[in-house]
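Numbering (my numbering), first residue to last: 986 to 1416.
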Amino acid sequence: MIRSRITTASAIILFATWTAMPLVAAASDENADVNDSFFSKLPIETHGFYEVRGGYRLQEDKYEKDMSIMEGRFQFDLFSYFDWGDVKVKGDLLGDMVTEEGDFDLREANIFTRPTDFMDVKIGRQILTWGTGDLIFINDLFPKDWQSFFIGRDTEYLKAPSDAAKVSLFGESVNLDIAYTPRFDPDRYISGRRISYWNSNLGRTAGQDAIVHTDKPDEWFSDSEIAARLYKNIDNYELAFYGYRGYWKSPAGQNIQMKAIFPDLNVYGASLRGSVGEGIGNAEIGYYESADDTSGKNPLINNSEMRYLIGYTREIAKDFTMGLQYYIEQMLDYGPYKRNLPSGPARDRDRHLTTLRLTRLLMNQNLRISLFTYYSPSDKDVYMRPNVNYKVSDNMAIEVGSNIFFGDYPNTFFGQFRDNTNIYASLRYSF
């Protein structure tokens, strides 16, 4: 992953500079005209934004800072066409006051070409995704940025980039996508650096006092990933089959040195999506084969699982949509897991999760009010994502939102994040 760190002093300067950028840009039409004139002279399409985003925890977390997010961000998005294909580069430069560092995150840098009528090829850093879930991922085994998701960054940052080659083949009856990643790209997982979490070794919530250290597969080509999707449309229904060979995307075990590891993982699945009544329905299934522990007897490695999802989305009034999902994670070989479990709380065999999305558009669709809620009746925990976004002009948008966690137990997935409940706001100027 291409990133560069900058000193604390530089981060402060960057943050202060970018804080002023949207205000200056929005205040002057003359400034906008200058930008248009400058970018129009470039031989490429140029887009991007300046953004200031800040947020605070709503309750005390003794392992993390009160600030959940405080950053200025500049994104550039460059795109150019050629006879033989397209070139795209997108990157983010930010000053982060929580980590007191500057950062550069190269999100995309790829070449796209179409060598034949039935083949597309994209090579380089890119955002990959497939599957039918709404913020639930079964057969989408591409990297996610859970840290950004929970601290209040824009939802687009949940999808982390992959350094990969993707080939798409189009046929009369079926289509095939193949994505090859020559070196394992893990999730940007919860490590304790910004978000406190349940540490099973300590038997308590931890954060910056117990940063997760990992032993990550990191060799080019020998530690690779490959994912495939075979799909076709049948009477306006999309049927897809998936396969993946690689590793658990977030730490899913420990070695004898007590470092978190990414065990081998194979996934096989299918999905169906199409019209149901006045809305869109979807169903998805996946078999997670934990290849380093197929018997389930190793207490230091995640067991194999079955995962199921069913969902439905429809407009219930003008500019008002609702989406529902029901999701199940079923641990396989549960008996061996219980017999070999060391001291500490045990997982349930089945984890049930429901989601509800409500989205309302107002004021000529310039105001978007939304709520996305996860509720697990088995874990007895809740995660709510209320959000209000107002488009002030064609270039300017303001946003307010929150990440709210509830849970009866400190060791469940959402319950462990109770002290990370936060509220945030942002101002973005796009060009």
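Every residue, glycine too, gets a C-beta built ideally from N, C-alpha and C.
How many whole angstroms separate the CB atoms of residue i and residue j, which I take to be in contact at a CB cut-off of 8 Å?
{"i": "Asn1396", "j": "Pro1321", "result": "Actually they do not touch by this definition, with Cβ atoms about 21 Å apart."}
{"i": "Tyr1232", "j": "Gly1254", "result": "So it is not a contact: roughly 17 Å between Cβ atoms."}
{"i": "Arg1334", "j": "Met1316", "result": "5 Å"}
{"i": "Ser1176", "j": "Val1197", "result": "4 Å"}
{"i": "Val1106", "j": "Val1152", "result": "5 Å"}
{"i": "Pro1171", "j": "Lys1201", "result": "6 Å"}
{"i": "Ser1411", "j": "Arg1038", "result": "4 Å"}
Just to confirm the assignment, what range does the alpha helix (DSSP H) spanning residue i have?
{"i": "Ser1133", "result": "Trp1131 to Ile1136"}
{"i": "Gly1320", "result": "Tyr1319 to Asn1325"}
If you drop the 5 nearest sequence neighbours on each side, which residues of the same chain put their C-beta closer than 8 Å to that of residue i?
{"i": "Thr1406", "result": "Arg1042, Leu1043, Gln1044, Ser1387, Asn1388, Ile1389 and Phe1390"}
{"i": "Tyr1142", "result": "Asp1130, Ser1133 and Phe1134"}
According to DSSP, which residues form a beta bridge with residue i?
{"i": "Asn1184", "result": "Arg1189"}
{"i": "Glu1093", "result": "Lys1075"}
{"i": "Ala1149", "result": "Gly1109"}
{"i": "Ile1054", "result": "Gly1040"}
{"i": "Pro1284", "result": "Bridge partners of Pro1284: none, in fact."}
{"i": "Glu1223", "result": "Asn1218 and Arg1258"}
{"i": "Leu1338", "result": "Tyr1312"}
{"i": "Leu1154", "result": "Met1104 and Leu1161"}
{"i": "Arg1292", "result": "Gly1271 and Glu1314"}
{"i": "His1198", "result": "Answer is none; His1198 lacks a bridge partner."}
{"i": "Lys1144", "result": "Lys1129"}
At the level of alpha carbons, what is the spacing between residue i and residue j?
{"i": "Asp1071", "j": "Asn1240", "result": "44 Å"}
{"i": "Leu1352", "j": "Lys1376", "result": "6 Å"}
{"i": "Leu1161", "j": "Glu1269", "result": "18 Å"}
{"i": "Phe1122", "j": "Gly1116", "result": "7 Å"}
{"i": "Arg1332", "j": "Ile1301", "result": "37 Å"}
{"i": "Leu1079", "j": "Gly1033", "result": "13 Å"}
{"i": "Ser1013", "j": "Pro1028", "result": "Note that Ser1013 scores 45 on pLDDT, short of 50, meaning its location in the model is unreliable; the coordinates nonetheless yield the value given after this. Distance between the alpha carbons of Ser1013 and Pro1028: 26 Å."}
{"i": "Asp1046", "j": "Glu1036", "result": "27 Å"}
{"i": "Leu1120", "j": "Thr1031", "result": "29 Å"}
{"i": "Gly1057", "j": "Gly1118", "result": "31 Å"}
{"i": "Lys1323", "j": "Leu1187", "result": "20 Å"}
{"i": "Pro1128", "j": "Asp1068", "result": "32 Å"}
{"i": "Thr1339", "j": "Leu1356", "result": "14 Å"}
{"i": "Gly1308", "j": "Ser1260", "result": "14 Å"}
What residues in its chain sit with their C-beta under 7 Å from that of residue i, if we drop five residues either side in the sequence?
{"i": "Pro1146", "result": "Arg1092, Glu1093, Arg1110, Gln1111 and Ile1112"}
{"i": "Ile1408", "result": "Gly1040, Tyr1041, Leu1043 and Ser1387"}
{"i": "Ser1275", "result": "Pro1248, Leu1250, Ile1286, Asn1287, Asn1288 and Ser1289"}
{"i": "Pro1236", "result": "Tyr1174, Val1197, Thr1199, Ala1245, Ile1246 and Phe1247"}
{"i": "Ser1181", "result": "Asp1046, Tyr1048, Glu1049, Thr1190, Ala1191, Gly1192, Asp1404 and Asn1405"}
{"i": "Asp1125", "result": "Thr1114, Trp1115 and Gly1116"}
Using C-beta distances below 6 Å, list every residue in its chain close to residue i, excluding the 5 sequence neighbours before and after it, in chain order.
{"i": "Phe1399", "result": "Asp1366, Tyr1368, Phe1390 and Gly1392"}
{"i": "Gly962", "result": "Lying before the first or after the last residue shown, residue 962 is absent from the chain, which here runs from 986 to 1416."}
{"i": "Arg1173", "result": "Asp1130, Gln1132 and Ala1145"}
{"i": "Pro1167", "result": "Trp1205, Phe1206 and Ser1209"}
{"i": "Arg1299", "result": "Glu1263 and Gly1264"}
{"i": "Ser1358", "result": "Note that residue 1358 is Thr in the sequence shown here, rather than Ser. Leu1341 and Met1369."}
{"i": "Phe1064", "result": "Glu1030 and Lys1073"}
{"i": "Ile1211", "result": "Tyr1165 and Arg1230"}
With 8 Å as the threshold, decide whether the Cβ of residue i is near any Cβ in chain C.
{"i": "Ile1211", "result": "The question asks about chain C, but that chain is absent: this structure has only one protein chain."}
What span of residues does the beta strand (DSSP E) with residue i cover, start to end?
{"i": "Asn1267", "result": "Gly1264 to Ser1275"}
{"i": "Ser1415", "result": "Asn1407 to Ser1415"}
{"i": "Val1083", "result": "Looking at the DSSP string, Val1083 is not in any beta strand (DSSP E), and its letter there is neither H nor E."}
{"i": "Thr1358", "result": "Leu1352 to Ser1361"}
{"i": "Ile1383", "result": "Met1381 to Gly1392"}
{"i": "Met1243", "result": "Unbroken run through Met1243: none, as it is neither H nor E."}
{"i": "Arg1370", "result": "Asp1366 to Lys1376"}
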